[in-house]
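Notes follow the structure.
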Amino acid sequence: WVGVDGFRVGPATHNGIATATLQSVVTIATATVTGTVSPYSNTVAVPFTAGPPASITLLASPATITADGVQTSLLTAVVKDSMGVSVTNGTPVTFTTNLGSIAGSGVKLTTNGVATATLSSTIAGVASISAAAGAVLTSTTVTVTPGAPWGISLTASPERIAADGISTATITATVTDFYGNLVANGTLVSFATSLGVIAPPQSATTANGKASITITSATTAGVAFITGTVSSRLGFARVAFDQRVNAGGPFYVGVDGKKWAADRPYGAGAWGYTGGYTYSVSAPIANTLDDALYQTERYAMSSYQFTVPNGSYTVTLKFAELYVGAPRLRVFNVSLEGTPVLVNFDLFADAPGQYVADDKEFVASVADGLLTIGFTPITGAAKINAIEIMPIVPPPPAATPTPTSTPTPTQTPTITATPTQTNTPTNTTTPATSTPTPTETATPTSTATPTPTPTATPTMPPYVRRVNAGGGPYTDGGANLWEADQEYTPGGWGYVGGNTYANASPIGGTSDDPLYQTERWWNGNGAYRFSVPNGSYSVQLKFAEIYPFTRAGYRVFGIRIEGVTYVSGLDIFSLAGGLYKAYDLTYSGITVADGVLDIEFLAQTGAPKISAIAVNGAAGGGGATATPTPTATATTTPGGGGAALYRVNAGGSAYTDGLGNLWQADQMYTVGGWGAVGGFTYSNVQPIGGTTDDTLYQTERWWNGTGVYKFTVANGTYNVTLKLAEIYPYGTPTKRVFDIYIEGILYQANVDIALAVGQYNAYDLTFSGITVSDGVLQIDLVPRAGSPKVSAIRVWQP
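Remember, the working numbering sits 46 above the position in the sequence shown when you count from 1.
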């Protein structure tokens with residue numbers, strides 16, 4: 047015999063058969079064995095293959111990545127048999143992780159004994175990764191660190207403290223990255239306050255994502271507006287400083303722990319009484335557990351005054367009759383900020399009786415920095431036992447503003463503007479707020495067929511609509527009625543989303559203060575819509591900056607009407623010359639051709655807002671016949687065909703699908719073209735179920751507020767397919783819910799992608815029979831919860 051390592055003498059044959067044993071070597075090779083019986087020989091090939099997996103070495107490079115869903119760690123598994131030989135090519139290796147995700151399938155095949163995979167994560171922590179081949183398992187770890195600071199929120203504890211210059215509250219900032227992970231320890235947060243004192247250095251570093259400082263109260267009542275800043279992002283908290291005075295008595299701590307300051311005379315910039323005398327008794331007081339507050343008094347004073355920031359306050363006046371023993375022996379008036387609140391007040395009769403606590407609560411608005419309580423005697427002497435002043439805390443700022451340099455104020459109370467035919471949307475990369483959880487995998491296609499209501503053609507007077515945004519009905523000094531704010535419905539008028547805020551501070555530059563003391567504001571872009579006859583219109587927008595902590599550059603936004611940008615960089619504070627000043631803008635010559643006048647407020651910094659709106663039909667406009675807007679009903683049918691006029695990969699670049707169709711890269715709308723109106727983009731490379739064109743669903747455009755796409759088309763009938771997939775990695779159903787309007791018609795209400803098909807699954811909706819008569823096909827995605835979105839859009843004719 048001749049083997050791989052030389053000549054061997056084999057045994058003799060037995061019954062014509064001779065046998066020999068071949069010992070393998072520790073390498074992958076093929077042995078050629080030759081048997082010879084002179085003068086004849088023959089050969090056979092014997093391959094030496096690797097044995098089953100016996101050991102795995104698992105390496106991760108790098109061993110630390112950022113929790114951004116983009117950075118990856120390369121996982122390398124080296125698999126050998128019991129003799130240290132690399133396993134056969136194609137040996138399956140299964141990678142698993144407790145944190146993040148393995149790209150593609152978790153099962154990889156070896157080449158030359160090596161299998162690789164990649165790990166990414168949007169969750170910070172330590173990922174424990176395992177690699178298994180056959181019965182062999184090993185593991186390693188990858189540290190996933192949080193990303194850069196993205197979100198910051200502030201809390202105050204307690205939220206109200208005594209205005210005594212020594213009481214304190216703790217302000218805690220919680221800082222997270224883009225995906226909600228607590229940021230790394232040592233992240234610097236800077237704090238500032240409008241009132242009270244934050245001890246130097248007025249900053250703190252995070253531990254477990256939180257940084258805390260202490261604020262000490264001022265000695266006067268007011269609201270401290272506290273900001274925390276990290277990487278140019280702001281969080282807000284408020285602490286109220288409550289002023290309590292034990293009139294005619296010493297410092298006192300109530301049974302509820304509240305501190306009542308000792309009485310003192312008024313001094314400029316401080317607080318106290320003007321004139322009067324003190325009196326006290328030791329008799330017990332009914333209707334209270336704080337007898338001591340009512341056992342002392344100041345009487346015959348003319349006023350108490352408190353230096354406070356402008357704003358609204360709840361004022362509680364505490365009385366008990368300690369001296370007179372019958373009605374009509376002490377009668378007096380009390381005023382707040384010059385407004386009578388108690389007239390012919392007979393304390394004995396009101397309590398009723400002697401030594402009975404009698405409290406009166408009022409609300410006062412201060413515009414001059416001084417809260418004045420006036421006392422006027424009628425019979426006997428006016429008196430007071432204790433005073434409590436509690437600031438009314440306004441809601442927090444609407445959005446995270448980024449301070450900019452202060453522009454020079456321009457005193458321009460009324461502007462008539464000519465539109466510029468440009469669009470200036472604001473785009474940033476921010477994830478959608480909705481976060482669904484998978485429920486099922488399906489790709490339904492829905493077709494909606496509008497069912498119009500009968501067309502009415504009444505003759506209408508010129509269109510006039512006045513709206514008190516964020517407020518109730520109001521009749522102005524010219525006897526014009528401004529209607530209460532309301533939500534938009536097709537065929538009607540009103541706001542789309544948003545929130546309301548009010549401030550009773552007087553407004554300069556107007557005699558119609560109530561129109562400017564309420565507002566509607568939006569976290570993101572905002573809108574009002576008015577169903578009107580086609581024609582020419584003028585629009586008046588009324589503004590006043592009434593949020594007390596606003597400064598120049600804190601609220602900046604643009605205004606777009608009927609797709610035309612009329613102003614960008616609008617800063618009410620700077621243009622009006624500060625807080626609480628009326629600022630009006632009037633635009634004329636606005637053409638409406640689709641039956642709906644759209645006014646959009648485009649967020650640039652902070653939250654856009656509006657105080658009041660007036661819409662007027664111009665000469666020759668607003669008097670045309672009116673056609674009520676129809677509604678639509680949806681039925682599920684197979685998707686239709688037809689040549690597509692537009693295919694758009696929303697939020698993404700150009701893409702050719704599996705059928706060879708080109709989907710164009712996303713773009714912003716311009717007049718005569720097509721595209722999105724505002725919004726933001728987001729992407730996720732997770733595989734998408736229910737489709738072979740994952741790429742179309744892995745990008746999206748989303749909006750903080752109503753989303754809009756417009757397509758310039760010839761008048762006619764069209765079909766529209768909206769492609770959707772929930773690709774934001776965290777959440778549950780109901781977090782993103784929106785309505786779909788096309789050409790002003792509601793085609794699908796309460797769209798909840800996560801509820802319908804779950805996460806990372808394709809979900810298509812097709813709507814047919816859409817009539818376009820104004821040359822522009824408009825799709826509106828109106829939020830009910832979270833942020834509306836779309837992955838791709840197809841527009842075609844049947």
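C-beta atoms are modelled at their ideal positions from N, C-alpha and C, and glycine is treated no differently.
Reduced DSSP secondary structure (H/G/I, E/B, other) of residue i
| i | result |
| --- | --- |
| residue 845 | Residue coverage of the chain in this structure runs from 47 to 844, which leaves residue 845 outside it and unanswerable. |
| residue 618 | helix |
| residue 562 | helix |
| residue 639 | coil |
| residue 595 | coil |
| residue 569 | coil |
| residue 811 | strand |
| residue 757 | strand |
| residue 609 | coil |
| residue 330 | coil |
| residue 438 | coil |
| residue 748 | strand |
| residue 772 | strand |
| residue 793 | strand |
| residue 117 | coil |
| residue 431 | coil |
| residue 69 | coil |
| residue 284 | strand |
| residue 171 | strand |
Residue range of the alpha helix (DSSP H) that includes residue i
| i | result |
| --- | --- |
| residue 803 | 799-803 |
| residue 741 | 740-743 |
| residue 339 | 337-340 |
| residue 396 | 393-396 |
Alpha-carbon spacing of residue i relative to residue j, whole angstroms
| i | j | result |
| --- | --- | --- |
| residue 369 | residue 329 | 11 Å |
| residue 544 | residue 749 | 13 Å |
| residue 262 | residue 436 | 17 Å |
| residue 381 | residue 617 | 38 Å |
| residue 706 | residue 756 | 25 Å |
| residue 41 | residue 114 | Residue 41 lies beyond the stretch modelled for the chain, which goes from 47 to 844, so this question has no answer here. |
| residue 538 | residue 712 | 32 Å |
| residue 281 | residue 257 | 12 Å |
| residue 571 | residue 512 | 22 Å |
| residue 852 | residue 648 | The chain is shown only over 47 to 844; residue 852 falls outside these bounds and no answer can be derived. |
| residue 834 | residue 157 | 45 Å |
| residue 725 | residue 119 | 32 Å |
| residue 798 | residue 729 | 19 Å |
| residue 140 | residue 198 | 39 Å |
| residue 605 | residue 789 | 22 Å |
| residue 774 | residue 807 | 12 Å |
| residue 585 | residue 515 | 14 Å |
| residue 200 | residue 307 | 30 Å |
| residue 828 | residue 568 | 14 Å |
Residue i vs residue j beta-carbon contact at 8 Å
| i | j | result |
| --- | --- | --- |
| residue 404 | residue 393 | yes |
| residue 540 | residue 547 | no |
| residue 389 | residue 336 | no |
| residue 641 | residue 695 | no |
| residue 203 | residue 194 | no |
| residue 565 | residue 592 | yes |
| residue 342 | residue 326 | yes |
| residue 276 | residue 255 | no |
| residue 745 | residue 697 | yes |
| residue 562 | residue 590 | yes |
| residue 345 | residue 419 | no |
| residue 133 | residue 181 | no |
| residue 703 | residue 739 | yes |
| residue 219 | residue 235 | yes |
| residue 426 | residue 375 | yes |
Sheet register partners of residue i (DSSP bridge)
| i | result |
| --- | --- |
| residue 837 | Residue 837 pairs with nothing; no bridge assigned. |
| residue 586 | 632, 660 |
| residue 203 | 216 |
| residue 379 | 422 |
Range covered by the beta strand (DSSP E) that runs through residue i
| i | result |
| --- | --- |
| residue 405 | 404-412 |
| residue 546 | 545-548 |
| residue 249 | 249-251 |
| residue 75 | 75-83 |
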